[in-house]
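According to our numbering, the sequence shown is numbered sequentially starting from 903.
In this text, a Cβ means the ideal position worked out from N, Cα and C, and glycines have one as well.
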Amino acid sequence: MRRHSGGGSAMFWGAMSWHGLSTLHRAQSSLNAERCRQVMLNVMMPWALELPWRLDQPDCPFIFQQDNAPGHAALSTRELFDTVGIALLDWPARSPDLNPVENLWAIVSRRVHWQGRQFMRLDDMLPVIYDCWRTEAPKYVEVLFESMPRRLQACIDAGGRQTKYYPYRFPVPRIRFEQSKSTTSWSRSRLIHKEFHIILWDN
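Structure representation (structure tokens):
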């Protein structure tokens, strides 16, 4: 989010599930394969183990969703999920982004810059970001998950094209669209995540 010209940025990784939010992790640089693997090991998995299910059970409903960013799609990252037995949600290329965590990031960003609040130093902004993630973002989790049937139906009705829920115009792959017509269900146990930027701009 650009506030003025100049400035710096901070990148974060976070995840949401029906049962709540992960720890908000500040990444010092973009998530390549090794950094992504470390975040999965040290941030995501400890949090997932605290959720109300057992990852080692064959009927565990835990499904992890991530996009096809290079760090996510790397063989070492996928092998990690296979090793610990966490299922990944299939994510075909050029799929429309129905991920409600995008809305959550937007909410956090708006709260950080509430009423035009600006920051001259990154160190001043970071505590506000963490506080918004801890106190404001959880208020919206259930509402966002409950919107998933409407998001899916809107995508189906639009033939995979743009809806009010996402800004992309990429068509749904035909096989995925045909499959999606048969159901508009969304498992509340699914976990979704995305890293994001809040950018600090000074005068």
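Within the same chain, and ignoring the five residues on either side of Ala929 in sequence, the residues whose Cβ sits closer than 8 Å to its Cβ are Met913, Phe914, Trp915, Arg937, Val941, Glu1097. Straight across, the Cα-Cα distance linking Ser1011 with Gln1017 is about 12 Å.
The beta carbon of Leu1006 sits closer than 7 Å to those of Met918, Ala1039, Tyr1042, Leu1046, all from its chain and outside the five residues before and after it, given in chain order. The beta-bridge partner set that DSSP reports for Arg928 consists of Phe914. Rounded to whole angstroms, the separation of the alpha carbons of Ala1056 and Ile988 is 29 Å. CA-to-CA, the gap between Pro948 and Asp1025 works out to about 27 Å.
For the pair Thr979 and Ala935, the CB atoms are nearer than the 7 Å cut-off. It is roughly 6 Å from the alpha-carbon of Ile965 to the alpha-carbon of Leu991.
Per DSSP, reduced to three states, the secondary structure at Gly1062 is coil, with no helix or strand assignment.
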